[in-house]
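Peer 1: Okay, here's the structure, questions in a sec.
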Amino acid sequence: FEGTRECATRARRRGAMTIRFLLMVNKQGQTRLAQYFDSNLTADERRQLEGTIVRRCIARGADECAFVEHREYTVIYRRYASLYFVVG
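So the number in my numbering is just where the residue sits in the sequence shown, counting from 1, plus 423.
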């Protein structure tokens, strides 16, 4: 838990985060639910963003921090049973 607290502290220091998207993805990388709150992204950009972020989250080990930096997004994910919950 030490690494997770350190990552959370770094994210908080940058300022308030707004939720721009919420994804539920299975272990194979198939999106089960996608909700975007940022209307500036086109469908192709959303699909590309999902693929990149999901691959990075699935590839990480259980002992690694649950915070991932991608472009201007700070992504937080959590695996529960066979699903990944991803918030960015």
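Glycine included, C-beta positions come from ideal geometry on N, C-alpha and C.
In or out: Y507 buried (at least 16 other Cβ within 10 Å) or exposed?
Peer 2: Here residue 507 corresponds to residue number 84 of the sequence shown, with the count starting at 1. With 16 or more Cβ atoms within 10 Å of its Cβ, Y507 is classed as buried.
Peer 1: Can you name, in chain order, every residue of its own chain whose Cβ lies under 6 Å from the Cβ of Q458, other than the five neighbours on each side?
Peer 2: Taking the sequence shown and counting its residues from 1, the one referred to as residue 458 is at position 35. Once the five neighbours on either side are set aside, the close Cβ partners of Q458 are L445.
Peer 1: Counting only the same chain and skipping the five closest in sequence on each side, list residues whose C-beta sits under 8 Å from that of Y514.
Peer 2: What is shown of the chain runs 424 to 511, which leaves residue 514 out entirely.
Peer 1: Considering only the alpha carbon of each residue, which of T497, Q451 and R501 lies closest to T441?
Peer 2: Locating residue 441 in the sequence shown gives position 18, where the first residue counts as 1. That would be T497, whose Cα lies nearest to the Cα of T441.
Peer 1: Identify, in the order they occur along the chain, each residue of the same chain with its Cβ nearer than 8 Å to the Cβ of L464, setting aside the five sequence neighbours on each side.
Peer 2: Locating residue 464 in the sequence shown gives position 41, where the first residue counts as 1. Cβ neighbours of L464 beyond the five flanking positions: L472.
Peer 1: Would you kindly work out how many angstroms separate the C-alpha atoms of V477 and R455, rounded to a whole number?
Peer 2: Position 54 of the sequence shown, counting from 1, holds the residue named residue 477. Position 32 of the sequence shown, counting from 1, holds the residue named residue 455. Roughly 12 Å between the two C-alpha positions.
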